[in-house]
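These protein sequence lines are chains A and B, in that order.
Sequence positions in the first sequence follow my numbering and run 173 to 550.
Sequence positions in the second sequence follow my numbering and run 173 to 550.
Have a look at the structure below, then the notes.
Protein chains: 2
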Amino acid sequence: MTEELQKGLEGVLVAESELSEIDGDEGRLIYRGYGIEDLAKHASYEEVIYLLWYGELPDAEELDSFTDSMVAERSVAEDILDTVGQLAAADENPMAALRTAVSMLSAFDPDADEPATDEDATLRKGRRITAKIPTILAAFARMRDGDDPVAPREDLSHAANFLYMLNDEEPDDVLAETFDTALVLHADHGLNASTFSAMVTASTLSDLHSAVTSAIGTLKGPLHGGANQDVMQMLKEADDSDRDPIGWVENALEEGRRVSGFGHRVYTVKDPRAEILGERSQELGEAAGTSKWYEYSTKIEEYMLEEKGLAPNVDFYSASTYYQMGIPIDIYTPIFAMSRSAGWIAHAAEYVEDNRLIRPRARYTGPEDQQFVDVDER
Amino acid sequence: MTEELQKGLEGVLVAESELSEIDGDEGRLIYRGYGIEDLAKHASYEEVIYLLWYGELPDAEELDSFTDSMVAERSVAEDILDTVGQLAAADENPMAALRTAVSMLSAFDPDADEPATDEDATLRKGRRITAKIPTILAAFARMRDGDDPVAPREDLSHAANFLYMLNDEEPDDVLAETFDTALVLHADHGLNASTFSAMVTASTLSDLHSAVTSAIGTLKGPLHGGANQDVMQMLKEADDSDRDPIGWVENALEEGRRVSGFGHRVYTVKDPRAEILGERSQELGEAAGTSKWYEYSTKIEEYMLEEKGLAPNVDFYSASTYYQMGIPIDIYTPIFAMSRSAGWIAHAAEYVEDNRLIRPRARYTGPEDQQFVDVDER
Numbered sequence: 173m174t175e176e177l178q179k180g181l182e183g184v185l186v187a188e189s190e191l192s193e194i195d196g197d198e199g200r201l202i203y204r205g206y207g208i209e210d211l212a213k214h215a216s217y218e219e220v221i222y223l224l225w226y227g228e229l230p231d232a233e234e235l236d237s238f239t240d241s242m243v244a245e246r247s248v249a250e251d252i253l254d255t256v257g258q259l260a261a262a263d264e265n266p267m268a269a270l271r272t273a274v275s276m277l278s279a280f281d282p283d284a285d286e287p288a289t290d291e292d293a294t295l296r297k298g299r300r301i302t303a304k305i306p307t308i309l310a311a312f313a314r315m316r317d318g319d320d321p322v323a324p325r326e327d328l329s330h331a332a333n334f335l336y337m338l339n340d341e342e343p344d345d346v347l348a349e350t351f352d353t354a355l356v357l358h359a360d361h362g363l364n365a366s367t368f369s370a371m372v373t374a375s376t377l378s379d380l381h382s383a384v385t386s387a388i389g390t391l392k393g394p395l396h397g398g399a400n401q402d403v404m405q406m407l408k409e410a411d412d413s414d415r416d417p418i419g420w421v422e423n424a425l426e427e428g429r430r431v432s433g434f435g436h437r438v439y440t441v442k443d444p445r446a447e448i449l450g451e452r453s454q455e456l457g458e459a460a461g462t463s464k465w466y467e468y469s470t471k472i473e474e475y476m477l478e479e480k481g482l483a484p485n486v487d488f489y490s491a492s493t494y495y496q497m498g499i500p501i502d503i504y505t506p507i508f509a510m511s512r513s514a515g516w517i518a519h520a521a522e523y524v525e526d527n528r529l530i531r532p533r534a535r536y537t538g539p540e541d542q543q544f545v546d547v548d549e550r
Numbered sequence: 173m174t175e176e177l178q179k180g181l182e183g184v185l186v187a188e189s190e191l192s193e194i195d196g197d198e199g200r201l202i203y204r205g206y207g208i209e210d211l212a213k214h215a216s217y218e219e220v221i222y223l224l225w226y227g228e229l230p231d232a233e234e235l236d237s238f239t240d241s242m243v244a245e246r247s248v249a250e251d252i253l254d255t256v257g258q259l260a261a262a263d264e265n266p267m268a269a270l271r272t273a274v275s276m277l278s279a280f281d282p283d284a285d286e287p288a289t290d291e292d293a294t295l296r297k298g299r300r301i302t303a304k305i306p307t308i309l310a311a312f313a314r315m316r317d318g319d320d321p322v323a324p325r326e327d328l329s330h331a332a333n334f335l336y337m338l339n340d341e342e343p344d345d346v347l348a349e350t351f352d353t354a355l356v357l358h359a360d361h362g363l364n365a366s367t368f369s370a371m372v373t374a375s376t377l378s379d380l381h382s383a384v385t386s387a388i389g390t391l392k393g394p395l396h397g398g399a400n401q402d403v404m405q406m407l408k409e410a411d412d413s414d415r416d417p418i419g420w421v422e423n424a425l426e427e428g429r430r431v432s433g434f435g436h437r438v439y440t441v442k443d444p445r446a447e448i449l450g451e452r453s454q455e456l457g458e459a460a461g462t463s464k465w466y467e468y469s470t471k472i473e474e475y476m477l478e479e480k481g482l483a484p485n486v487d488f489y490s491a492s493t494y495y496q497m498g499i500p501i502d503i504y505t506p507i508f509a510m511s512r513s514a515g516w517i518a519h520a521a522e523y524v525e526d527n528r529l530i531r532p533r534a535r536y537t538g539p540e541d542q543q544f545v546d547v548d549e550r
């Protein structure tokens, strides 16, 4: 037993994994050996899910069959939509609403009671969860605006169908492809806090719905998934101020505020996902005829690198990308969850294959040997 | 960075804590310096919650005020009861139902949007969650049997009120006190997997509802909270067989089955909670005029110690205790959650006070440098 306190578990190896590797010094990310740049450019989100869950990229027939099986699971039970409607009416936080609705899915999952050690059943549950998250999220976003949910379509990709259900309008190819790329980029990223929380939950041989629910709740925090929303709030605040972006950042730093979207526990150089999303953000700006948000972002990026030595992470460019797609700001983190569910499920299933209960210890620093005194004599 | 794989994080110190200490070799458990034997004998569950959350045992005035504030929070919103009813109708697993309902509580919590760093707000949320779990659980248990939920009473203790809501009948003093003792014994236990999952979630500065929801999902697993139910199923199976308890255990071990309720990651000797609950189980049996389940349990305990060198853990005697109280077997783990919520909340709040994002790493063992090939050429 080591007696050193390893708070935050920084650098501590808790598992072996074949899923993704991050080289933080080289700015490199791979999923099962494939570079994120290749996957972002050439693979659909559906192919990436298959790669993560089943170990290799699907051939055409496997991909068709897998895609069909996902499409068939897009609808959610009426009871779930009722609860989502109640949460929307109560103005619930979107991540909290997603946490509740995904937790509730288990009540209607035919494999809910299968043991966690049945990997096939776990991946069937994973398929249903991943297929249904966009439906839940789009329904919530619409219902809180007083609109009816839009039923999923079977002829659209995972990415395009979400945008269709959100807006009741089929997205054009640029939007659909950009969104698909964003899903690919966020699908897995080593043992980030939400993925690790899914593994801790799974390590008691609890069910997959529990593991994914834990992960959603963990991603909700401002130190993790919440950061992409903070970036956009910051860009808008800079825009609303009478300063230029750099002047605004200088002032914010002087006031002791944190500039969101920079720095990362693992990357010392620029996050490769930020590189790819930056390009997409630029393209979206050009297509829309205004590159304002992209230009704001690059100016802040340059400043932060020169003055603080900090490079942007994935949250920094997902902000302007989603904003230019017209997605409500408080839906950015749920979109992160929508994509990352693939990785959560892959890691939970992988960990359980060679399971060991995750139970660390704390160093006790409280009092010893307290004498109990009855309440009336205290 | 250490390169040694620390799977399961056994013995790894991830935090400092003033909450509880387990001496596994001495069979000793303390909450903030008070021995579990003293607390079980002299303190109510409400006093123990106060001790864990606020650092010391309350005086009479503090206890009154705290108890009143908990009592005032016992009711749950109609929307929550609607969803609990849907879950009951869908025959949802009780732990999964509790996970969903507790997650949903945040939609109606006036402090839901307060930052995780506001400890007062976090403890107000904790008070509401802890006060409402018994109401949710009793409603679920009744509704799945086709009965109406019973509204909480204000004149009963936390323990007695739960039994009242569950059975629509005020419990006698022996039942109420035994149940209160069980709640005291389960309130905290270092960084078990569910408590640790609450800390991982809280470490992103996510909200307390997320942290407790993670913990419920983690406790659900058969390697953690599920074990107390397994013990009772085992005792009943032994009873239904034509063997005596020891013959049944011998046969089960020969068949390669695991005997639930024995051994613990931390204790090498008898779990002190098992000692106390064993006495309570015996008293309940004597009061009811039949000591069958207690006697079964002690015979198995003696056999396992002599033959396997394994001592019983808390789950072993909570099984026969709850069974003799007439509680449905699949509610045992939710009762564990009902009690442990005190510890989850205490640890989440304590960790955030000096927070560090919990993000370990995995050793990558997958392929490197895969060449991407288009789907049509695979």
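We put the beta carbon where it would ideally sit given N, CA and C, even for glycine.
Bear in mind the structure is a predicted one, so any value in this text is a computation, not a measurement.
Beta-carbon neighbours of B:GLU176, restricted to chain A and to distances below 8 Å: Start at 1 with the first residue of the second sequence, and residue 176 of chain B comes out as number 4. In chain order: LEU185.
Bridge partner(s) assigned by DSSP for A:SER369: Position 197 of the first sequence holds residue 369 of chain A. Under DSSP, no beta-bridge partner is assigned to A:SER369.
Classification of A:PRO321 by the beta-carbon crowding that lies within 10 angstroms, buried from 16 upward: On the first sequence, residue 321 of chain A is found 149 positions in, with the first residue counted as 1. It is buried - the Cβ of A:PRO321 has at least 16 other Cβ atoms within 10 Å.
Any C-beta of chain B under 8 Å from that of A:HIS396: The residue you call residue 396 of chain A lines up with position 224 of the first sequence. Yes, A:HIS396 counts as interfacial toward chain B.
Closest Cα partner of B:GLU548 within the set A:GLU176, A:ALA212, A:ILE194, A:GLU219: For this step, residue 548 of chain B is matched to residue 376 along the second sequence. It is worth fixing the name first, because residue 548 of chain B is Asp in this sequence and not Glu. The candidate whose alpha carbon is nearest that of B:ASP548 is A:GLU219.
Residue interval of the beta strand (DSSP E) (run including A:LEU201): Counted from its first residue, the first sequence places residue 201 of chain A at position 29. From DSSP, the beta strand (DSSP E) with A:LEU201 extends over 200–203.
Nearest candidate by alpha-carbon position, reference A:TYR504, set A:VAL403, A:PHE544, A:TYR466: Counting from 1 along the first sequence, the entry for residue 504 of chain A is found at position 332. Selected option, being the one with the closest Cα: A:VAL403.
Reference B:SER275, options B:ALA260, B:LYS297, B:THR289, closest by Cα: Here residue 275 of chain B is taken as the residue at index 103 of the second sequence, counted from 1. When each option's Cα is compared against that of B:SER275, the closest is B:LYS297.
A:GLU176 in three-state terms, based on DSSP: Within the first sequence, numbered from 1, the residue matching residue 176 of chain A stands at position 4. Of the three classes helix, strand and coil, the one that applies to A:GLU176 here is coil, per DSSP.
Test item: CB-CB of A:LEU191 and A:LEU224 under 8 Å: Your numbering for residue 191 of chain A matches position 19 in the first sequence. Your numbering for residue 224 of chain A matches position 52 in the first sequence. For A:LEU191 and A:LEU224, yes; Cβs fall inside 8 Å.
Min CB distance A:MET173 to chain B below 8 Å: Position 1 of the first sequence, counted from the first residue, corresponds to residue 173 of chain A. Since pLDDT at A:MET173 reaches only 45, below the 50 mark, its modelled position is unreliable, and the value read off the structure follows with that caveat. Judged by the 8 Å Cβ criterion, A:MET173 is in contact with chain B.
Buried or exposed (CB count within 10 angstroms, at least 16 for buried), A:SER453: The residue labelled residue 453 of chain A in the question sits at position 281 within the first sequence. Classification for A:SER453: buried.
Where the segment 327–358 of chain B meets chain A: residues whose CB sits under 9 Å from a CB there: none
Within-8 Å CB hit, A:VAL441 to chain B: On the first sequence, residue 441 of chain A is found 269 positions in, with the first residue counted as 1. It does not; no Cβ of chain B falls within 8 Å.
Whole-angstrom distance between B:GLU234 and A:ILE301, CA atom to CA atom: Along the first sequence, read from residue 1 onward, the residue named residue 301 of chain A stands at position 129. Along the second sequence, read from residue 1 onward, the residue named residue 234 of chain B stands at position 62. In this structure, the straight-line span from the alpha carbon of A:ILE301 to that of B:GLU234 is close to 46 Å.
Contact residues within the segment 257–273 of chain A, judged by C-beta distance below 9 Å to chain B: For chain B, the residues of the segment 257–273 of chain A that bring a beta carbon within less than 9 Å of one of its beta carbons are GLN258, LEU259, ALA261, ALA262, ASP263, GLU264, ASN265, MET267, ALA268, ALA269, ARG271, THR272, ALA273, in chain order.
is_contact[B:LEU377, chain A] using C-beta, thresh 8 Å: In the second sequence, residue 377 of chain B corresponds to position 205, counting from 1. True, the Cβ-Cβ gap to chain A drops below 8 Å.
As assigned by DSSP and simplified to three states, the class of A:PHE434: Counting from one through the first sequence, the residue named residue 434 of chain A turns up at place 262. DSSP places A:PHE434 in the strand class (E or B) of the three-state scheme.
Chain-order list of residues whose beta-carbon lies under 7 Å from that of A:TYR536 (same chain, five-residue window excluded): Locating residue 536 of chain A in the first sequence gives position 364, where the first residue counts as 1. Cβ within range, chain order: n/a, list empty.
CA-to-CA distance, B:ASN339 to A:ALA269, given in whole angstroms: For the purposes of this step, residue 269 of chain A is identified with residue 97 of the first sequence, where counting begins at 1. For the purposes of this step, residue 339 of chain B is identified with residue 167 of the second sequence, where counting begins at 1. When rounded, the distance between both Cα atoms is 32 Å.
Continuous alpha helix (DSSP H) stretch holding B:GLU447: start and end: For the purposes of this step, residue 447 of chain B is taken as the residue at position 275 of the second sequence. Per DSSP, B:GLU447 belongs to the alpha helix (DSSP H) from 444–460.
A:MET173 to A:GLY180 span [Cα, whole Å]: If you number the first sequence from 1, residue 173 of chain A lands on position 1. If you number the first sequence from 1, residue 180 of chain A lands on position 8. Residue confidence is low: A:MET173 scores 45 on pLDDT, short of 50, so the model does not pin down where it sits. No coordinate-derived value is stated.
Three-pair Cβ contact test at 8 Å for the segment 436–456 of chain A versus the segment 355–363 of chain A: yes
Alpha carbon of B:THR353 to alpha carbon of B:ARG531, nearest angstrom: In the second sequence, residue 353 of chain B corresponds to position 181, counting from 1. In the second sequence, residue 531 of chain B corresponds to position 359, counting from 1. Taking the straight line joining both Cα atoms gives about 37 Å.
is_contact[A:VAL403, chain B] using C-beta, thresh 8 Å: Taking the first residue of the first sequence as position 1, residue 403 of chain A is located at position 231. No, because no Cβ of chain B sits closer than 8 Å to the Cβ of A:VAL403.
Length of the line joining the Cα atoms of A:ASP240 and A:SER378: If you number the first sequence from 1, residue 240 of chain A lands on position 68. If you number the first sequence from 1, residue 378 of chain A lands on position 206. So the alpha carbons of these two residues sit roughly 28 Å apart.
Three-state class that DSSP yields for B:VAL322 in the structure shown: The residue you call residue 322 of chain B lines up with position 150 of the second sequence. Correct three-state label for B:VAL322: coil.
Contact list for the segment 212–239 of chain B against chain A, Cβ threshold 8 Å: The residues in question are HIS214, ALA215, GLU219, LEU229, PRO230, ASP231, ALA232, LEU235.
Backbone secondary structure at B:ALA483 - three-state DSSP: By 1-based counting over the second sequence, the position of residue 483 of chain B is 311. Looking at B:ALA483 - three-state DSSP - the assignment turns out to be coil, as it is neither helix nor strand.
Residue burial classification, A:GLN405 (beta-carbon count within 10 angstroms, cutoff 16): Along the first sequence, read from residue 1 onward, the residue named residue 405 of chain A stands at position 233. The residue is exposed, with fewer than 16 neighbouring Cβ atoms inside 10 Å.
Local conformation of A:ILE194 per DSSP, three classes: Looking up residue 194 of chain A in the first sequence gives position 22. Note: A:ILE194 maps to strand in three-state DSSP.
Neighbouring residues, chain A, relative to B:GLU426 (Cβ below 8 Å): Residue mapping note: residue 426 of chain B aligns to position 254 of the second sequence, counting from 1. By Cβ distance, chain A contributes nothing, its closest Cβ being about 22 Å from B:GLU426, past 8 Å.
Any chain B beta carbon closer than 8 Å to A:TYR536: Position 364 of the first sequence, counted from the start, is the residue given in the question as residue 536 of chain A. Interface residue, yes.
Closest residue to B:ASP412 among B:TYR468, B:ILE499, B:TRP516, B:SER490 (Cα-Cα distance): The sequence position of residue 412 of chain B within the second sequence is 240, counting from 1. Checking every option, the nearest Cα to that of B:ASP412 belongs to B:TYR468.
Chain B residues whose Cβ lies nearer than 9 Å to that of A:PHE508: As a position in the first sequence, residue 508 of chain A is number 336, starting the count at 1. Those within 9 Å of A:PHE508 in chain B number zero; the least Cβ separation is about 12 Å.
Burial state of B:VAL441 (16 or more Cβ within 10 Å): Along the second sequence, read from residue 1 onward, the residue named residue 441 of chain B stands at position 269. So B:VAL441 counts as exposed.
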